[in-house]
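Residue numbers (numbering that gives the first Met the number 0): 0 to 326.
Where is the CB? At the ideal position from N, CA and C, for every residue including glycine.
For reference, the structure discussed in these notes is given below.
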Amino acid sequence: MNTNFAARVIGAVALSSVIGGAALAADWRGWNIHPEGYPNTAGMDAFARLLEEKTDGEVTLQMFHGGTLGSQPDAIEQVRLGGIEVGQFNLGPIGPIAPEANVVSLPFLFKDVSHMFRVLDGEPGQMIADGMAAKGITPLAWFDAGARSFYNTEKPIETPADVEGMKVRVMNNDLYSGMIAELGGNPSPMAFAEVYQALKTGVVDGAENNWPSYESTGHYEVAGYYSLSQHLIIPECICVNTDAYNGLSDEMKVAVSEAAQEAAELQRDLWAEREAASREKVESAGATTNEIADKAPFQEAMTPVYEAYLEANPDIRPLVEAIQATE
Ligand code: GTR
0 MNTNFAARVI GAVALSSVIG GAALAADWRG WNIHPEGYPN TAGMDAFARL LEEKTDGEVT
60 LQMFHGGTLG SQPDAIEQVR LGGIEVGQFN LGPIGPIAPE ANVVSLPFLF KDVSHMFRVL
120 DGEPGQMIAD GMAAKGITPL AWFDAGARSF YNTEKPIETP ADVEGMKVRV MNNDLYSGMI
180 AELGGNPSPM AFAEVYQALK TGVVDGAENN WPSYESTGHY EVAGYYSLSQ HLIIPECICV
240 NTDAYNGLSD EMKVAVSEAA QEAAELQRDL WAEREAASRE KVESAGATTN EIADKAPFQE
300 AMTPVYEAYL EANPDIRPLV EAIQATE
């Protein structure tokens, strides 16, 4: 961890605001779990380039792709503490530390991806962003991550009964464990990097993800049944350590936010292309995919997940209702 570095940046920015001069250079480091060629990786490389351009080199970013700086839950902690300044995060594993951000992990909350973006662009999105910033992780822009569906080594899933008894890998978040348990399966929280081997050796029978991650990880090679449950639509973000961001001058904040926004627009375009390409690739490699004609039984099974979450977090109810009421 590089806390000295973060302290130096924050100290330098504080000093420059005391003397009223221009902000001193900040050299940021960034975490990303995905490999080269993935839309999110291209989005983060674009962010680094735009950041340097728009801040005239006062803020630079060195990206570390492919999860080389550690697992996602670890990287989230690192960004909170300022050991790493930037992360390309999924809101799923951020949820356990920021209750507002956890709403997006309620299954079937968003109607579709465009509903998710309308929510994020409105008042509920601001509440989610503020909740994250208060915990040390400021989201600068939102990435598209499509919808997540179940896949497994055994059979097409058509009804909740098909999940019964299945060991299913989930990301670290109790809401996902609850979701699998309510479907009668056995949840198995596990780091992303371990899932391929776990599927291959039968440690788990299945997992869930969007088309591009199902494809890029090679999970389709070892778990060839992909069933379009689309039970989770989770936004991802370009996130920055809150103190590092707040320490910037107003002018630099605008430049950094604009760079993130433009990078996110690029990511969303690339995402749409990659979703189609990934689906085509896994299907032509022999994966069996099925639509789920009636998703209502899956949705109905989630009632206890919502109830338990709202009981434990009563303050969040208005946010959930505002999202559901967003057209
Ligand atoms: C991917 C996501 C990653 C990670 C991964 C997982 O779709 O982009 O950030 O959350 O899923 O399942 O762990």
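{"Check": "Contiguous alpha helix (DSSP H) assignments of at least 4 residues, all confined to the segment 52-122", "Outcome": "71-80, 98-101, 112-120"}
{"Check": "Expected contact under 8 Å - CB spacing of phenylalanine 46 and alanine 259 to nearest Å", "Outcome": "6 Å"}
{"Check": "Proline 92 beta carbon near ligand 1 (any heavy atom closer than 8 Å)", "Outcome": "yes"}
{"Check": "Per-residue burial, glutamine 77 [other beta carbons within 10 Å of its own, 16 or more giving buried]", "Outcome": "buried"}
{"Check": "Euclidean distance between Cα positions of leucine 119 and cysteine 236", "Outcome": "11 Å"}
{"Check": "Where glutamate 279 falls, given that 16 or more other Cβ within 10 Å makes a residue buried", "Outcome": "exposed"}
{"Check": "6 Å Cβ shell around alanine 21 - same chain, five flanking residues per side excluded", "Outcome": "For alanine 21, the pLDDT reaches just 49, beneath the cut-off of 50, and the residue's location in the model is therefore unreliable, leaving the point undetermined."}
{"Check": "Assumed close pair glutamate 227, isoleucine 291 - CB separation to whole angstroms, cut-off 8 Å", "Outcome": "Checking the sequence, you will find leucine at residue 227 rather than glutamate. Contact holds; Cβ gap of about 6 Å."}
{"Check": "Between the CA atoms of phenylalanine 116 and serine 212 - distance to the nearest angstrom", "Outcome": "20 Å"}
{"Check": "Pair within 9 Å by beta-carbon distance, threonine 287 and tyrosine 244", "Outcome": "no"}
{"Check": "Given 8 Å, three or more beta-carbon pairs between the segment 125-141 and the segment 253-267", "Outcome": "yes"}
{"Check": "Neighbourhood of leucine 108 by C-beta distance below 8 Å, restricted to the same chain and skipping five residues each side", "Outcome": "Val102, Ile232, Val319, Ile322, Gln323"}
{"Check": "Identified DSSP bridge partners for tyrosine 213", "Outcome": "Partner(s): none; tyrosine 213 has no beta bridge."}
{"Check": "Serine 187 burial status per 10 Å Cβ neighbour count (16 or more: buried)", "Outcome": "buried"}
{"Check": "Cβ pair glutamate 84, histidine 64 closer than 9 Å", "Outcome": "no"}
{"Check": "Residue interval of the alpha helix (DSSP H) (run including proline 296)", "Outcome": "295-299"}
{"Check": "Inter-residue Cα distance where the pair is glutamate 220 and phenylalanine 149", "Outcome": "15 Å"}
{"Check": "For asparagine 151, three-class secondary structure by DSSP", "Outcome": "strand"}
{"Check": "Residue range of the beta strand (DSSP E) that includes valine 169", "Outcome": "166-169"}
{"Check": "The segment 168-183 / the segment 301-309 touching (three or more Cβ pairs under 8 Å)", "Outcome": "yes"}
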